[in-house]
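All remarks here apply to the structure that follows.
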Amino acid sequence: MSGTAGLGAAVGRLFRGALSLLRSGRRRTVLAAAGVLVAGAMAGAALTVSIGLGGGFDRAAERSDLPDIVARFSGQDPARIRARIEALPNVADYAPRTEISNVRVRAADHETGKGALQLVDTDARRGYAIVEGRDLPRGGRDSSDALVEQGLARSWGLHVGDTIDVGRLGEVRIVGISIAPDNVAFPLATAARVYLSGPALEARFRGRLRVNQALVWTHDRSRTDVTLQQARATTYGVGNLRFVTRTGVRLIIDQAAGVVVALLVAFSLVALIAATTMLASQSASEVARRLPVIGVQRAIGVPRGTVAGEQALAAGLIGLVAGGLGVLVGALVIAGPSSDLLSALNETPPGGALVLPLAGLTLLLGAIAAAAAGWPAWRAAGRPPVALLRGGTLVEGGLRTRWRVRRELRADRRERPGRTGFLGLGAKLVLARPGRAGATVAVLGVSGGVILLMLGLASLLVALRDDPSAVGTRYALTVRAPDGGVDAVRAVPGVADAGERYEVRGADSFALGEPVKITAFDGRLDRFVNPPLADGRRVRGPGEVEIGTGLATALGLGTGGTLAVQLQNGGEARFRVVGTVRALQDDGRVAFARPDRLLAADPGLRPDIAVRLEDGTDVATVGPRLAAIGASPTKVGGATTSNKAFLDTLATVLKAVAALDGLVCLYALIQALALTARERRPTLALLRAQGAATPTVVRVLLGAGLVLALPGALVAFLLQRLVFSPLVSQLAAGYADLGTAASTGAVLGVTGGFVVFAVLAGGWVARRVVAEPPVHGLREG
Amino acid sequence: MISARGLVKTYGAGRATRRVLDGADLDVAAGEVVAIVGRSGTGKSTLLHLVGALDRPEAGTIEVAGERVDGRSERALSAFRRRRVGFVFQFFHLVPELTGEENVLLPTRLPGAPRSAPAHGRELIERLGLGDAARRRPHELSGGEQQRLAVARALVLDPPVLLADEPTGNLDEASGAAVLDLLRSAATADRAVIVVTHEPRTSAMADRTVTLVDGRLVASAHGAVGGA
Numbered sequence: 033m034s035g036t037a038g039l040g041a042a043v044g045r046l047f048r049g050a051l052s053l054l055r056s057g058r059r060r061t062v063l064a065a066a067g068v069l070v071a072g073a074m075a076g077a078a079l080t081v082s083i084g085l086g087g088g089f090d091r092a093a094e095r096s097d098l099p100d101i102v103a104r105f106s107g108q109d110p111a112r113i114r115a116r117i118e119a120l121p122n123v124a125d126y127a128p129r130t131e132i133s134n135v136r137v138r139a140a141d142h143e144t145g146k147g148a149l150q151l152v153d154t155d156a157r158r159g160y161a162i163v164e165g166r167d168l169p170r171g172g173r174d175s176s177d178a179l180v181e182q183g184l185a186r187s188w189g190l191h192v193g194d195t196i197d198v199g200r201l202g203e204v205r206i207v208g209i210s211i212a213p214d215n216v217a218f219p220l221a222t223a224a225r226v227y228l229s230g231p232a233l234e235a236r237f238r239g240r241l242r243v244n245q246a247l248v249w250t251h252d253r254s255r256t257d258v259t260l261q262q263a264r265a266t267t268y269g270v271g272n273l274r275f276v277t278r279t280g281v282r283l284i285i286d287q288a289a290g291v292v293v294a295l296l297v298a299f300s301l302v303a304l305i306a307a308t309t310m311l312a313s314q315s316a317s318e319v320a321r322r323l324p325v326i327g328v329q330r331a332i333g334v335p336r337g338t339v340a341g342e343q344a345l346a347a348g349l350i351g352l353v354a355g356g357l358g359v360l361v362g363a364l365v366i367a368g369p370s371s372d373l374l375s376a377l378n379e380t381p382p383g384g385a386l387v388l389p390l391a392g393l394t395l396l397l398g399a400i401a402a403a404a405a406g407w408p409a410w411r412a413a414g415r416p417p418v419a420l421l422r423g424g425t426l427v428e429g430g431l432r433t434r435w436r437v438r439r440e441l442r443a444d445r446r447e448r449p450g451r452t453g454f455l456g457l458g459a460k461l462v463l464a465r466p467g468r469a470g471a472t473v474a475v476l477g478v479s480g481g482v483i484l485l486m487l488g489l490a491s492l493l494v495a496l497r498d499d500p501s502a503v504g505t506r507y508a509l510t511v512r513a514p515d516g517g518v519d520a521v522r523a524v525p526g527v528a529d530a531g532e533r534y535e536v537r538g539a540d541s542f543a544l545g546e547p548v549k550i551t552a553f554d555g556r557l558d559r560f561v562n563p564p565l566a567d568g569r570r571v572r573g574p575g576e577v578e579i580g581t582g583l584a585t586a587l588g589l590g591t592g593g594t595l596a597v598q599l600q601n602g603g604e605a606r607f608r609v610v611g612t613v614r615a616l617q618d619d620g621r622v623a624f625a626r627p628d629r630l631l632a633a634d635p636g637l638r639p640d641i642a643v644r645l646e647d648g649t650d651v652a653t654v655g656p657r658l659a660a661i662g663a664s665p666t667k668v669g670g671a672t673t674s675n676k677a678f679l680d681t682l683a684t685v686l687k688a689v690a691a692l693d694g695l696v697c698l699y700a701l702i703q704a705l706a707l708t709a710r711e712r713r714p715t716l717a718l719l720r721a722q723g724a725a726t727p728t729v730v731r732v733l734l735g736a737g738l739v740l741a742l743p744g745a746l747v748a749f750l751l752q753r754l755v756f757s758p759l760v761s762q763l764a765a766g767y768a769d770l771g772t773a774a775s776t777g778a779v780l781g782v783t784g785g786f787v788v789f790a791v792l793a794g795g796w797v798a799r800r801v802v803a804e805p806p807v808h809g810l811r812e813g
Numbered sequence: 658m659i660s661a662r663g664l665v666k667t668y669g670a671g672r673a674t675r676r677v678l679d680g681a682d683l684d685v686a687a688g689e690v691v692a693i694v695g696r697s698g699t700g701k702s703t704l705l706h707l708v709g710a711l712d713r714p715e716a717g718t719i720e721v722a723g724e725r726v727d728g729r730s731e732r733a734l735s736a737f738r739r740r741r742v743g744f745v746f747q748f749f750h751l752v753p754e755l756t757g758e759e760n761v762l763l764p765t766r767l768p769g770a771p772r773s774a775p776a777h778g779r780e781l782i783e784r785l786g787l788g789d790a791a792r793r794r795p796h797e798l799s800g801g802e803q804q805r806l807a808v809a810r811a812l813v814l815d816p817p818v819l820l821a822d823e824p825t826g827n828l829d830e831a832s833g834a835a836v837l838d839l840l841r842s843a844a845t846a847d848r849a850v851i852v853v854t855h856e857p858r859t860s861a862m863a864d865r866t867v868t869l870v871d872g873r874l875v876a877s878a879h880g881a882v883g884g885a
């Protein structure tokens, strides 16, 4: 009992000591809290987006009861399809659906001809989730009830209770808003989904609907492949059959979000490292300032643990309170954009699932702050009290100092005082604390490296969006064959080459869930496509194929293997794999070949013409000339033409994160200079006593800032070029060559930005320094 | 050279307010060394700081070498300090990262410093026998050497007024005597020296000693307040 009471009293004393420390230096406490708050905000924002995107698909899939397999085919009798599916192994449940595409949908000021009506069997499982309003009732007979997908509702400002016009059906009333993560949301996906009750429409139009989709839920998701193999064997008579699996959808979405998640996780780590180093340097400075006080404490018998404990507890309290507040602010600030991003992917925000990770992050910040403060105090309290009572000296004696003095003496013989003298003095003031200077340079380097990475990725995304050559495509346009055929196109000024192109989509014959896109050209393929070769050789003849690394990984296929593709007409084309290429489009699930085998499997295939332009010629110039000969051109996009808006959003998010990261750099510089100015208050006061005006003080602090900022920029460049860029390329898309290295412009921009930050930080701190009479600083000497 | 009239300075606020200077007057002529003495906390250093434009009085006027100090902008005060005043402090205030010579030459790097100032500074170092100390950094020097370097720094721009705050307070007898000799010799025909001190040996060196009592200066030895 007495032991417990003693412990309680000790903890109480520790708390009182910590609180008194915080009260005794309110401005220092506020500065430290501001740093933790900024770091907490960034880490909180990054964690929120990471968790949101990381688990978004699984949450949405569970919530919407996403089927394990979606089969699409040309219209069939529902009873026939039901019989076929019920005969398959591992099938737990099944729902038929009819999709009617290209329906005109209209609401108030909005209209699209790309409406996709989903006629749902209201007596079966649905495969979507209701996020607002109510679902279509079981056995519903009201054909004027409709659900709209969330993307459409958001984009057009629709609410439950509103009405929309749907093709020949006329006006229907929105009773609910839904999501299904089997595709991205409208308008990223061009089709606007509207769900209606199939039985109600059958009753209204007195007919029987033919189904063209089957939603299948399996007993064992890991054995979906078996179900698919069997399904393929029993598909006779079912035309245009395509399968999409839940795993396949997840893979594609994960790969799209993978870049962002990897970056944000890296950014969270950067924010935490920045917070740790900033806290550590701040704490070390605080302990150095308090050395005589610690000496007195030790001299009168205060235990070493109590001295370190008070310091750790005070910093830990700041870490918990300011860190918690920062984490909350970061999470709230990013919640909106993160939710928009998730909505664009048809995914749901994590909601309450965020609470625990954010609380954990807050505790981590508190622990980091406590450790960063406790350790230097523990070390300091271990020194003899008499040494502490003499106070901390900024320049220690010993071998290192003697070496430095000799070096400076040599330098001194060469140098004479000049206009840069005060810049140099500032540099020396900062370098007097090599640990802190190194930590600040590290923070600047890591943060700058991340900024360069973000800018590099943003540029890459724009290139992927706009520039076909970024994905190894050498042709800029495709055209429908004009009367004169390929020769007529070749004759158009500005056209370097033209050739017939066949592009077909199919599925791997052995793993039907794996989509494959085959692009075929007559003659040498590298006239039109030249993705980097990862293995093997280029295609030289018929029956050979180069496959993307993404496809090779998914199918476990390599050079020398056989690629068998089931085409949409039901035919099969087989190729011998002669090489793998680092192709980015379609997640690397592409293949390049000559057209012979494709035409043998599907004689009905019709080519278009790929057009390669001469160097220096642009699409806008050649396009009208092609149109004039009757060859209406279509511009070839980058990675994917249908997801331009999404890539734009991603690029914007990356640039925003880079801007936030810039704030870390500015804060790190301000903090380093503020601590230097605080520590060297007598020196700066002395300068002013000798007649130095504000510009001289600014020059000293600018020198201090530059000696941190310029090496920081160099470290940033090296880190980005040698570590971050290769690592992220590998993490995000191992199937392609991602040119994530920042451009020279970005490197110069970041270096210039660091210099501007040094000027801003120097100016701000100098303003604070000259705001007090010099005599105040001199009293501290 | 120096004329201060009716100086008032208070510290603290509310019930804790303390008026350390309450209408203090001071006149110092060129070539004169004046020692200001008084008990601790009577405002000796404060008076020195006001005369040197390191702080501002709440009331009163100060004129140094024909230039008014009171009521001027911080920028003007910076220029004034650079041209008119040299300071010597009890704790030397040498910049630890700089060598002795760099410390002495620090004021010569300020904008507006004469071009000849660095050469003058080196000459001063030689004249004061600080050649060896000038090559070392402060932590390698004795207190006496540090303070002599600080005096050299104060004189490097050849100011008409030298202000010293307890210049021997941290020194042993021999070192203190060397510093006092320097200060004495600094009081040339165009320069006045004011020394704040507790020590009898310092006031004994001065031409005149004034005592600060209840916020005002009263004459002690060697002369009277208000003139040489």
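Residue numbers (our numbering), protein chains in the order written: chain A, 33 to 813; chain B, 658 to 885.
Yeah, the Cβ is synthetic: ideal placement off N, Cα and C, and Gly gets one too.
Using a Cβ-Cβ cut-off of 8 Å, state whether B/Arg-766 counts as contacting chain A. A Cβ of chain A is located within less than 8 Å of the beta carbon of B/Arg-766.
At a CB-CB cut-off below 8 Å, which residues of chain B make contact with A/Arg-707? For the record, residue 707 of chain A in the displayed sequence is Leu; it is not Arg. Under the 8 Å cutoff, chain B gives no residues; its nearest Cβ is about 16 Å from A/Leu-707.
Check distances from the C-beta atoms of the segment 691-724 of chain B to those of chain A and list, in chain order, the residues that come in under 8 Å. Those residues of the segment 691-724 of chain B that come within reach of chain A (Cβ to Cβ, closer than 8 Å) are His-706, Gly-709, Leu-711, Asp-712, Arg-713.
Rounded to the nearest angstrom, what separates A/Leu-461 and A/Val-730 at their Cα positions? Rounded to the nearest angstrom, the two C-alpha atoms are 13 Å apart.
Presumed contact (8 Å Cβ cut-off) between A/Ala-690 and A/Ala-741, rounded CB distance: About 17 Å separates the CB atoms of A/Ala-690 and A/Ala-741; that is not less than 8 Å, and the two are not in contact.
Mind pulling the chain E residues with CB within less than 8 Å of A/Gly-467? Among the protein chains in the structure shown, which are A and B, there is no chain E.
Is the Cβ-Cβ distance between A/Ala-706 and A/Leu-63 less than 8 Å? Taking 8 Å as the cut-off, the Cβ atoms of A/Ala-706 and A/Leu-63 count as close.
Would you give the residue range spanned by the alpha helix (DSSP H) that A/Phe-789 belongs to? In the DSSP assignment, A/Phe-789 falls within the alpha helix (DSSP H) that extends over 776-802.
C-beta atoms of A/Thr-551 and A/Val-654 nearer than 8 Å: In this structure, A/Val-654 does not lie closer than 8 Å to A/Thr-551 by Cβ.
Cα-Cα, which of A/Gly-488, A/Pro-128, A/Gln-182 is closest to A/Ser-229? In terms of CA proximity to A/Ser-229, A/Pro-128 leads the group A/Gly-488, A/Pro-128, A/Gln-182.
Spatial neighbours of A/Thr-472 in its chain, beta-carbon cut-off 6 Å, leaving aside the 5 residues before and after: Contacts found: Ala-700, Ala-704, Leu-740.
Using beta carbons (cut-off 8 Å, strictly below), is B/Arg-676 in contact with chain A? Answer no: the Cβ-Cβ gap between B/Arg-676 and chain A never drops below 8 Å.
How big is the Cα-Cα spacing for B/Leu-892 and B/Ala-807? Given that chain B is displayed from residue 658 to residue 885, the structure contains no residue 892 of chain B and the question cannot be resolved.
For A/Val-838, count neighbouring Cβ atoms within 10 angstroms of its own Cβ and tell me buried if that reaches 16, exposed if not. Because chain A spans 33 through 813 in this model, residue 838 of chain A falls outside it and cannot be assessed.
Would you be able to state if there are at least three C-beta pairs under 8 Å between the segment 43-53 of chain A and the segment 342-356 of chain A? Remark: three or more beta-carbon pairs, one from each stretch, lie closer than 8 Å, so the segment 342-356 of chain A and the segment 43-53 of chain A are flagged as touching.
Among A/Val-137, A/Ala-385, A/Gly-337, A/Phe-454, whose alpha-carbon lies nearest the alpha-carbon of A/Ala-405? Cα-wise, what sits closest to A/Ala-405 is A/Gly-337.
Quick one: which chain B residues come within Cβ less than 7 Å of A/Ala-721? Neighbours of A/Ala-721 on chain B, chain order: Leu-711, Arg-738, Phe-744.
Classify A/Thr-594: buried if its beta carbon has 16 or more other beta carbons within 10 angstroms, exposed otherwise. Around the beta-carbon of A/Thr-594, fewer than 16 other beta-carbon atoms lie within 10 Å, marking it exposed.
Output needed for B/Gly-669: all residues of its chain with C-beta closer than 8 Å, excluding positions within five of it in sequence on either side, in chain order. The answer, listed in chain order, is Arg-675.
In DSSP terms, what B/Lys-701 is bridged to: According to DSSP, B/Lys-701 bridges with nothing at all.
How far does the alpha helix (DSSP H) with A/Pro-627 in it reach, from first residue to last? It is not in any alpha helix (DSSP H) - A/Pro-627 carries neither H nor E in the DSSP assignment.
Local conformation of A/His-142 per DSSP, three classes: In the three-state reduction of the DSSP assignment, A/His-142 falls in the strand class, which pools E and B.
Pull the bridge partners of B/Glu-865 from the DSSP assignment, please. It should be noted that the sequence gives Arg, not Glu, for residue 865 of chain B. Paired residues: B/Val-691.
Residues bridged to A/Phe-553 (per DSSP): Here A/Phe-553 is bridged, per DSSP, to A/Arg-533.
If we define contact as Cβ-Cβ less than 8 Å, is A/Val-730 a contact residue for chain B? Residue-level contact check: A/Val-730 does not touch chain B, since none of the beta carbons of chain B fall below 8 Å from its beta carbon.
Going by DSSP in three states, A/Thr-673 sits in which element: helix, strand or coil? Its pLDDT being 40, under 50, A/Thr-673 is placed unreliably in this model, and the coordinates cannot settle the point.
I'd like the ranges of any alpha helix (DSSP H) spanning at least 4 consecutive residues and lying wholly in the segment 788-873 of chain B. If we require 4 residues or more, the alpha helix (DSSP H) runs fully inside the segment 788-873 of chain B come out as 788-791, 800-812, 830-843, 857-862.
Quick one: measure Cβ to Cβ for B/Gly-709 and B/Leu-820, integer angstroms, because I've assumed they're closer than 8 Å. The C-beta distance from B/Gly-709 to B/Leu-820 rounds to 5 Å, short enough to fall under 8 Å.
Check each residue of the segment 752-766 of chain B: if its Cβ is closer than 8 Å to any Cβ of chain A, include it; give the result in chain order. Hits within the stretch, in order: Val-752, Pro-753, Glu-754, Leu-755, Thr-756, Glu-758, Glu-759, Leu-762, Leu-763, Pro-764, Thr-765, Arg-766.
Any contact between the segment 741-751 of chain B and the segment 713-720 of chain B? By contact I mean 3 or more CB pairs, one from each, below 8 Å. Two segments are said to touch when three or more pairs of C-beta atoms, one from each, lie closer than 8 Å; by this definition the segment 741-751 of chain B does not touch the segment 713-720 of chain B.
What do you reckon, is the C-beta of A/Ala-78 under 7 Å from a heavy atom of the ligand ADP? Although the ligand ADP was asked about, the structure shown includes no ligands whatsoever.
Closest to B/Ala-831 by CA distance: which of B/Gln-804, B/Leu-814, B/Val-850, B/Arg-848 is it? B/Ala-831 has its Cα closest to that of B/Gln-804, out of B/Gln-804, B/Leu-814, B/Val-850, B/Arg-848.
Since I believe A/Ala-223 is in contact with A/Ser-133 (beta carbons under 8 Å), could you give me their beta-carbon distance rounded to a whole number of angstroms? Confirmed, Cβ separation roughly 7 Å.
Assuming A/Phe-237 is part of the alpha helix (DSSP H), what are its boundary residues? That run of the alpha helix (DSSP H) goes 230-237.
Any idea what DSSP makes of B/Phe-749, helix, strand or coil? Here B/Phe-749 sits in coil by DSSP.
Whether or not the segment 692-707 of chain B and the segment 858-876 of chain B are in contact is what I'm after, with contact meaning three or more pairs of Cβ atoms, one per stretch, closer than 8 Å; do they touch? The segment 858-876 of chain B vs the segment 692-707 of chain B: in contact.
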